[in-house]
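Engineer:
2 protein chains.
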Amino acid sequence: MTENALPLWLEQIKWTDDGLVPAIAQDYQTGELLMMAWMNAESLSLSVQENRAIYWSRSRKSLWRKGESSGNVQQLHEIRLDCDNDVIVLKVKQLGNVACHTGRRSCFYKKLDNTGNGYTWTDVEPVLKDPKEMYQQ
Amino acid sequence: MTENALPLWLEQIKWTDDGLVPAIAQDYQTGELLMMAWMNAESLSLSVQENRAIYWSRSRKSLWRKGESSGNVQQLHEIRLDCDNDVIVLKVKQLGNVACHTGRRSCFYKKLDNTGNGYTWTDVEPVLKDPKEMYQQ
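Residue numbers (the working numbering), protein chains in the order written: chain S, 17 to 153; chain F, 17 to 153.
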């Protein structure tokens, strides 16, 4: 997909210099925040076509069909764009109940705590699935 | 603030090459997504000290005390970090009920719609305050 071939709704997005946009996944019913990852035009276009979240893995430099290894697919219910056209929200149904590769519901499981002796990040969400089992599928 | 002087909880964050981290603001009660902006170590540290969201404006290259012009301050209730240490969530109380500079509750007011003749972004959230009035304060 070349830049020139983009349909208007994709052209209207302000992509980074690397051609990416941050995409926040949120439970479509509870509003719970699940994760944030990145999309390029191809992955966003495919997400819409396939009605599931497909990200761009910056580390692997390849499409990342969320759930392809773990089964924890994110079904799309709605896509939102912000006022500056540079952030996407995906309202999703999280299959398998787990979004995080650590086996937790949400990736945002570290809470900033004041210990009285400074601040620390504390894990506050339970591990629902053993990651070893998740990635055997 | 130099990189060496960072306390551990700030050092544990994976900052971008520009020294930034994306910060997602979410209503601490309803779970509603309000906006995403960027923070550097100084703005995050000040946010914690002052118990309000202080972002780093990439366009103005300066601290952005959310609400300093509009009065729409975001009071901090909780800060979360994700599994990869590269995204922050701020659970906030949105004073003035409006997070967006357009006068809407949330910045994510554009919904992707299938018109039958292709996709389009449709504004689906009401303007609660006239932006002209918001920024006269």
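We put the CB at the ideal spot given by N, CA and C, even for glycine.
(1) Thinking just about the alpha-carbon of each residue, which of 27(F), 142(F) and 92(F) is nearest to the one in residue 105(F)?
(2) Using the rule of at least 16 other Cβ atoms within 10 Å of the residue's Cβ for burial, across every protein chain shown, is residue 24(F) buried or exposed?
(3) Determine the DSSP secondary structure at residue 85(F), reduced to helix, strand or coil.
(4) At 7 Å on the CB atoms, spell out the chain F contacts of residue 118(S), in chain order.
(5) By a C-beta neighbour count over all protein chains shown, 10 Å radius and 16 as the cutoff for buried, is residue 21(F) buried or exposed?
(6) With a cut-off of 9 Å, does the C-beta of residue 70(F) fall near any C-beta of chain S?
(7) Please list, in chain order, the chain S residues whose beta carbon lies closer than 8 Å to that of residue 25(F).
(8) What are the uninterrupted segments assigned as alpha helix (DSSP H) that are 4 or more residues long and contained completely in the segment 74-133 of chain F, given in chain order?
(9) With three or more beta-carbon pairs closer than 8 Å as the criterion, would you say the segment 116-131 of chain S touches the segment 37-57 of chain S?
(10) In three-state DSSP terms, what is residue 31(S)?
(11) Give the residues of chain S in contact with residue 46(F), contact being defined as C-beta atoms less than 8 Å apart.
(12) Taking just the CA atoms, how far does residue 140(S) sit from residue 33(S)?
(13) Would you grab the beta carbon distance between residue 56(F) and residue 80(F) for me? Rounded to a whole angstrom, and I think it's under 8 Å.
(14) Hey, residue 108(F) and residue 69(F): beta-carbon distance below 9 Å or not?
(15) Can you find a CB in chain F that lies within less than 9 Å of the CB of residue 121(S)?
(16) Could you confirm whether any beta carbon from chain S is found closer than 9 Å to the beta carbon of residue 28(F)?
(17) Check each candidate in 77(S), 51(S), 115(S) and 47(S) and name the one with the smallest Cα separation from residue 143(S).
(18) Going by the CB atoms, is the gap between residue 148(F) and residue 112(F) shorter than 9 Å?
Structural biologist: To lay it out plainly:
(1) 92(F)
(2) exposed
(3) coil
(4) 99
(5) exposed
(6) no
(7) 128, 134, 135, 136 and 137
(8) none
(9) yes
(10) coil
(11) 47
(12) 35 Å
(13) Actually they do not touch by this definition, with Cβ atoms about 11 Å apart.
(14) yes
(15) no
(16) yes
(17) 115(S)
(18) no
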